[in-house]
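Asker: Let me begin by handing over the structure; questions about it come next.
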Amino acid sequence: MPKNRIINGVMELPKDQAVALVPYDTVTVQGFYRSQPEVNDAITKAAKAKGAASFFIVRQVDANDGWQPAYYRLCL
1 MPKNRIINGV MELPKDQAVA LVPYDTVTVQ GFYRSQPEVN DAITKAAKAK
51 GAASFFIVRQ VDANDGWQPA YYRLCL
């Protein structure tokens, strides 16, 4: 069984683990991100600010040369 990644102190969950958790909250992060690690950094900082222990990416939209609004489910 693979180990879940921890980014900025917040655990990234696979879908099967995330869907089993309630309650949950969401956060949206928008900005110009040059890479997936930059997106992960932004979302985990937002998740941590909301007190989330873990997160799961619900939807990520990549458009317009790096402008990436990203929508995430946070498991609190």
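Position 45 of the sequence shown, counting from 1, maps to 45 under the UniProt record's numbering, and the rest follow consecutively. We treat Cβ as the ideally placed atom computed from N, Cα and C, and that holds for glycine.
Give me, in chain order, the residues of the same chain whose beta-carbon lies closer than 8 Å to that of glutamate 38; leave out the 5 immediate sequence neighbours on both sides.
Answerer: none
Asker: With distances taken from CA atoms, which of Ile43, Arg59, Tyr33 is nearest methionine 11?
Answerer: Comparing Cα positions, the closest option is Ile43.
Asker: Drop a sphere of 10 angstroms on the beta-carbon of asparagine 4, count the other beta-carbons inside from all chains shown, and report buried for 16 or more, exposed for fewer.
Answerer: Exposed is the label assigned to asparagine 4, since fewer than 16 other Cβ atoms lie within 10 Å of its Cβ.
Asker: Suppose only complete runs of 4+ residues qualify. What are the alpha helix (DSSP H) ranges in the region 6-42, listed by chain order?
Answerer: 15-18
Asker: Can you check whether the C-beta of glutamate 12 is within less than 8 Å of a C-beta belonging to chain C?
Answerer: Although the question refers to chain C, the structure presented lacks it and comprises just one protein chain.
Asker: Nearest to glycine 51 by CA position, among Thr26, Arg59, Gln60, is which residue?
Answerer: Glycine 51 has its Cα closest to that of Thr26, out of Thr26, Arg59, Gln60.
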